[in-house]
Each structure stands twice: as structure tokens, then as C-alpha cells.
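Convert by adding 2 to the 1-based position in the sequence shown; the result is the number in this note's numbering.
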Amino acid sequence: MLEVVVEAVDYLEATYQDDDKTAGSLVLSGVFEALGKVLETNVVLTAMFDPFEEMTNLFNEFEKVIGYASAGSGC
């Protein structure tokens, strides 16, 4: 899923360089919806791997990245 988000961001960059901002806005909305779903999944995975501190530390770091992305979006 993250690969798709990266592809969408690349598409957004190209779209915003053109004058077709409508399509870009729809894609951007989808990107933030996808990031929300990734965050939901991250919570589930963190709970599943709770006994494995190394894994939960990785999930916590990932959650910080999603938080930064959300804060930058105005969400």
C-alpha cells in the first residue's frame, strides 16, 4: 500500500506542475485516506506484536511519520 501512496505523491507532483489541480485534489484526498488506513493497520499490528519490543518500536516510529504527514496536510 505504501508503494501506491508513493506513486500517488509522484503523480501529484506532476499534476500540480501542470494546471490540472482538480485531479490532483482527488488524488491527494485518496492519499490521506490511504494513510489513515495504514495508521489503523499499524495500530492492529502493534497490538499483535506487543510481546516483541523491537517490532513495536518500528511500528511506533512509523506512526510518527504518519502523524507528521497528517499534521502537514491540515487534517
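Glycine residues also receive a C-beta, built at the ideal position from the N, C-alpha and C atoms.
Hey, would you say the C-beta of residue i is under 6 Å away from at least one heavy atom of the ligand ADP?
{"i": "P53", "result": "Summarising the ligand content, the structure contains no ligands, and the ligand ADP is consequently not present."}
Going by beta-carbon coordinates alone, are residue i and residue j separated by less than 7 Å?
{"i": "A10", "j": "V40", "result": "no"}
Quick one: measure Cβ to Cβ for residue i and residue j, integer angstroms, because I've assumed they're closer than 8 Å.
{"i": "L14", "j": "L30", "result": "6 Å"}
Within a Cβ cutoff of 6 Å, which residues of the same chain sit near residue i, ignoring the five residues on either side of it in sequence?
{"i": "T43", "result": "none"}
{"i": "F54", "result": "none"}
Cutting at 8 Å between CB atoms, please list the residues of its own chain near residue i, excluding the five before and the five after it.
{"i": "F51", "result": "M57, T58 and F61"}
{"i": "A25", "result": "T17"}
Of the residues the options, which one's Cα is nearest the Cα of residue i?
{"i": "L66", "options": "A49, F54 and V45", "result": "In the sequence as presented, Leu is not what sits at residue 66; that position holds Lys. It is V45 whose Cα lies nearest to the Cα of K66."}
{"i": "I68", "options": "E35, G26, A16 and A25", "result": "E35"}
{"i": "V8", "options": "L37, F64 and S27", "result": "L37"}
CA-CA distance, residue i and residue j?
{"i": "D12", "j": "V6", "result": "10 Å"}
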